[in-house]
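Chains as they are written, first to last, in the numbering used here: chain A, 1 to 278; chain B, 279 to 557.
Have a look at the structure below, then the notes.
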């Protein structure tokens with residue numbers, strides 16, 4: 001996430017805009033970015049809303065999106081749909097975590113389990129979860145079921161495979177050191193394997209948040225009567241694209257917010273990790 | 279491992295992959311477990327009737343459907359339709375993604391101004407835009423190609439950018455010492471050094487491209503594998519639906535395999551784990 005603030009290859013001799021930007025204080029940088037956001041929004045508003053270069057049905061200007069948001073709130077359709085979506089998302093995500101974390105730890109502990117579950121998990125993980133959506137719809141009906149299923153199956157494998165990878169890549173010399181000091185098997189797990197798996201777990205959770213949101217939207221777009229995806233479809237079909245973009249923005253905020261939450265939890269629970277330290 | 283060839287120059291020879299006996303043992307175990315699962319599935323459905331067959335057809339029925347699909351011209355037509363859209367969209371995404379990624383990674387000013395927006399767009403669940411694309415571009419191939427492009431391009435841009443940022447300064451300086459400058463520096467040093475990152479972005483992009491195509495077909499139009507799958511599930515032809523899902527699993531995994539093989543051939547010096555690790 002911090003790639004754009006990294007120093008990067010030393011390419012130019014510096015000077016010009018780059019040097020000016022590099023010399024700014026953190027507050028100054030934030031100010032430049034904020035100004036940029038305002039400029040972008042203004043340009044967008046002018047190009048679509050005033051000059052009309054783009055058909056506002058396809059890309060409504062920011063003010064129309066804001067109006068759409070207000071309409072969604074005022075007509076009362078936002079809350080029920082949002083609550084259903086969040087409920088499905090959370091249930092699916094918890095199911096995924098509850099299955100994936102123990103199974104991942106088991107994969108990391110036992111070689112036979114790793115060699116059997118690993119290839120199967122990779123095969124399913126490599127396939128975009130949208131492929132399973134019609135099956136889920138046929139099996140679980142038209143309610144919240146297929147959404148939960150798709151969220152769970154999207155979130156399960158990144159968590160599982162990351163936890164297993166974390167257990168497998170535990171530094172061998174630390175394990176040996178633990179053994180030398182007479183650690184028992186349980187002590188080794190508690191104070192060597194788990195701490196070194198935690199950063200992988202959180203990396204997996206962050207990936208899972210993004211994939212789970214995609215899974216949720218996909219499941220709701222194709223064949224659900226309620227939820228944010230259904231709301232988006234309904235708004236588009238009635239050409240109220242301002243509302244559709246407002247709904248998309250809310251889903252986006254949820255996705256980014258949950259990813260941030262995972263990072264916050266990581267910082268709190270595991271301050272020794274790379275993300276946690278920052 | 280390096281050996282001296284006849285001309286006296288050092289040549290890098292990749293060590294041949296050694297298949298040890300205990301590795302073969304695990305493969306057999308895996309095959310055994312998969313076979314056992316299929317057997318239990320078959321037993322539960324067709325012998326013990328624990329699950330209604332219409333709901334979950336036994337593996338033999340799925341295999342029969344699969345065989346039927348393989349000789350069905352309609353299937354191959356749908357296959358060609360889907361694959362063409364994915365390939366067009368993905369190639370566009372690769373070209374745009376690598377160029378934009380290199381440019382943004384290269385210039386500090388661009389990185390500062392544009393990269394935050396790219397990150398924001400990257401983390402947006404852009405699948406939600408699918409209905410708008412269909413509204414704007416119709417039910418034909420155009421909306422699907424555009425969706426494939428939109429979904430695939432951001433992982434490629436961001437991975438390429440990340441790669442360009444992490445190009446070692448000493449590599450660049452060495453290039454400079456040998457008089458490589460400007461565009462040539464980009465082509466000879468930065469592009470190859472970024473390549474493994476771009477490829478890992480393309481790998482993710484390909485999976486999302488697939489999602490875009492199938493979602494586009496779910497939402498509208500009458501061509502392609504996604505539509506075929508949706509239709510089969512809608513008709514409750516579960517054997518055919520599962521066979522189609524298996525086809526998709528095979529396509530997705532073959533694509534992944536192709537790209538990782540490419541990465542190993544084009545950038546054999548690169549350690550996979552550096553990209554795939556916790557970040």
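For glycine and all other residues, C-beta sits at the position ideal for the given N, C-alpha and C.
Close Cβ partners of residue i (< 6 Å) along its chain, the five nearest in sequence each way excluded
i, result
"residue 403/B", "none"
"residue 104/A", "160, 163, 164"
"residue 174/A", "192"
"residue 286/B", "Low local confidence applies: a pLDDT of 37 at residue 286/B is under 50, so the model's placement there is unreliable, with the coordinate-based value given in what follows. Closer than 6 Å at the Cβ level, and outside the excluded window around residue 286/B, lies no residue."
"residue 56/A", "48"
"residue 229/A", "217, 220, 221"
"residue 366/B", "423"
"residue 416/B", "none"
"residue 545/B", "473, 474"
Spatial neighbours of residue i in its chain, beta-carbon cut-off 7 Å, leaving aside the 5 residues before and after
i, result
"residue 434/B", "371, 372, 375, 376, 379, 476, 479, 480, 483"
"residue 261/A", "none"
"residue 320/B", "336, 337, 338"
"residue 511/B", "519"
"residue 258/A", "209"
"residue 488/B", "364, 530"
"residue 393/B", "382, 439"
Presumed contact (8 Å Cβ cut-off) between residue i and residue j, rounded CB distance
i, j, result
"residue 291/A", "residue 41/A", "The structure shown does not extend to residue 291/A, since chain A spans only 1 to 278, so no value can be given for it."
"residue 67/A", "residue 242/A", "6 Å"
"residue 212/A", "residue 151/A", "5 Å"
"residue 127/A", "residue 527/B", "5 Å"
"residue 58/A", "residue 406/B", "In fact, because the Cβ distance is near 15 Å, the residues do not count as touching under 8 Å."
"residue 514/B", "residue 136/A", "Wrong, their Cβ atoms sit about 14 Å apart, outside the cutoff."
"residue 441/B", "residue 391/B", "20 Å between Cβ atoms; not a contact."
"residue 129/A", "residue 401/B", "Contact doesn't hold; Cβ gap of about 18 Å is too wide."
Contacts of residue i in chain C (Cβ-Cβ under 8 Å)
i, result
"residue 238/A", "The structure shown contains no chain C; its protein chains are A and B."
Per-residue contacts from residue i into chain B (C-beta, under 8 Å)
i, result
"residue 58/A", "410, 413, 414"
"residue 208/A", "Result: empty, since nearest Cβ-Cβ is about 13 Å, beyond 8 Å."
"residue 232/A", "406, 409"
"residue 214/A", "403, 405, 489"
"residue 102/A", "Under the 8 Å cutoff, chain B gives no residues; its nearest Cβ is about 19 Å from residue 102/A."
"residue 88/A", "What residue 88/A touches in chain B: nothing, since even the nearest Cβ is about 14 Å away."
"residue 270/A", "Under the 8 Å cutoff, chain B gives no residues; its nearest Cβ is about 11 Å from residue 270/A."
"residue 152/A", "Here the premise fails: no neighbours, minimum Cβ distance about 17 Å."
Closer than 9 Å at the beta carbon, the chain A residues around residue i
i, result
"residue 455/B", "In chain order: nothing, as chain A lies at least about 13 Å away."
"residue 496/B", "130, 133, 134, 218, 221, 222, 223"
"residue 331/B", "Neighbours of residue 331/B on chain A: none; closest Cβ ~14 Å, over 9 Å."
"residue 500/B", "Going along chain A, no residue has its Cβ under 9 Å from residue 500/B, so there is no contact; the nearest lies around 15 Å."
Contact set for residue i: own chain, Cβ-Cβ below 8 Å, skip 5 residues either direction
i, result
"residue 124/A", "153, 157"
"residue 408/B", "425, 490, 493, 494, 497"
"residue 552/B", "Residue placement at residue 552/B cannot be trusted, given a pLDDT of 46 that sits under 50; what the coordinates show is reported in the next sentence. Counting only Cβ-Cβ distances below 8 Å, and skipping sequence neighbours, we find nothing."
"residue 555/B", "Low local confidence applies: a pLDDT of 36 at residue 555/B is under 50, so the model's placement there is unreliable, with the coordinate-based value given in what follows. Taken in chain order, the list of residues that qualify is empty."
"residue 270/A", "195, 198, 199, 202, 276"
"residue 323/B", "329, 331, 334, 335, 336"
Residue i beta carbon near the ligand ATP (any heavy atom closer than 6 Å)
i, result
"residue 70/A", "Looking at this structure, you won't find the ligand ATP or any other ligand, since it has none at all."
Chain A contact residues for residue i, given Cβ-Cβ distances below 7 Å
i, result
"residue 432/B", "In chain order: nothing, as chain A lies at least about 11 Å away."
"residue 311/B", "116"
"residue 304/B", "115"
"residue 417/B", "Near residue 417/B there are no residues of chain A at all, since even the closest Cβ is about 13 Å away, more than 7 Å."
Listed by chain order, chain B residues near residue i by CB distance under 9 Å
i, result
"residue 279/A", "Outside the shown range of chain A, which is 1 to 278, sits residue 279/A, and nothing can be said about it."
"residue 259/A", "401"
"residue 73/A", "The premise fails here: residue 73/A is roughly 19 Å from chain B at the closest Cβ pair, so nothing lies under 9 Å."
"residue 256/A", "398, 401, 402"
"residue 97/A", "Under the 9 Å cutoff, chain B gives no residues; its nearest Cβ is about 17 Å from residue 97/A."
Cross-chain neighbours of residue i in chain A, by beta carbon under 8 Å
i, result
"residue 366/B", "Those do not exist, as residue 366/B stays about 18 Å from chain A at its closest Cβ, beyond 8 Å."
"residue 492/B", "128, 130, 131"
"residue 307/B", "112, 115, 116"
List in chain order: all unbroken alpha helix (DSSP H) runs of 4+ residues lying wholly within the stretch 333-393 of chain B. 337-348, 351-384
Could you give the uninterrupted runs of the alpha helix (DSSP H) lying entirely in the stretch 168-234 of chain A, keeping only those of 4 residues or more? 172-180, 185-188, 194-221
Can you list, in chain order, the residues of the stretch 111-131 of chain A whose Cβ is nearer than 7 Å to any Cβ on chain B? 112, 115, 116, 119, 123, 126, 127, 128, 130, 131
Alpha helix (DSSP H) segments (min. 4 residues) lying fully within the stretch 453-517 of chain B: 460-463, 469-497, 502-512
Check distances from the C-beta atoms of the stretch 467-485 of chain B to those of chain A and list, in chain order, the residues that come in under 8 Å. 468, 485
Going along the stretch 34-47 of chain A in order, which residues come within less than 8 Å of chain B, judged by CB to CB distance? 36, 40
Anything in the stretch 524-540 of chain B with a Cβ closer than 7 Å to a Cβ of chain A? List those residues in chain order, please. The residues in question are 526, 527, 530, 531, 534.
Check distances from the C-beta atoms of the stretch 239-254 of chain A to those of chain B and list, in chain order, the residues that come in under 7 Å. Correct list: 241, 244, 248, 251, 252.
Every unbroken beta strand (DSSP E) within the stretch 117-174 of chain A, with a cutoff of 3 residues, ordered by chain: At a cut-off of 3 residues, not a single continuous stretch assigned as beta strand (DSSP E) sits fully inside the stretch 117-174 of chain A.
Contact set between the stretch 510-523 of chain B and chain A, restricted to residues whose Cβ is under 9 Å from the partner: 510, 511, 512, 514, 516, 519, 520, 522, 523
Every unbroken beta strand (DSSP E) within the stretch 26-87 of chain A, with a cutoff of 3 residues, ordered by chain: none
The stretch 159-181 of chain A: positions lying closer than 9 Å to chain B by Cβ: Within the stretch 159-181 of chain A, the residues whose Cβ lies closer than 9 Å to some Cβ of chain B are 162, 165, 166, 169, listed in chain order.
Which parts of the stretch 231-263 of chain A are runs of the beta strand (DSSP E), unbroken and 3 residues or longer, counting only runs that do not cross its ends? none
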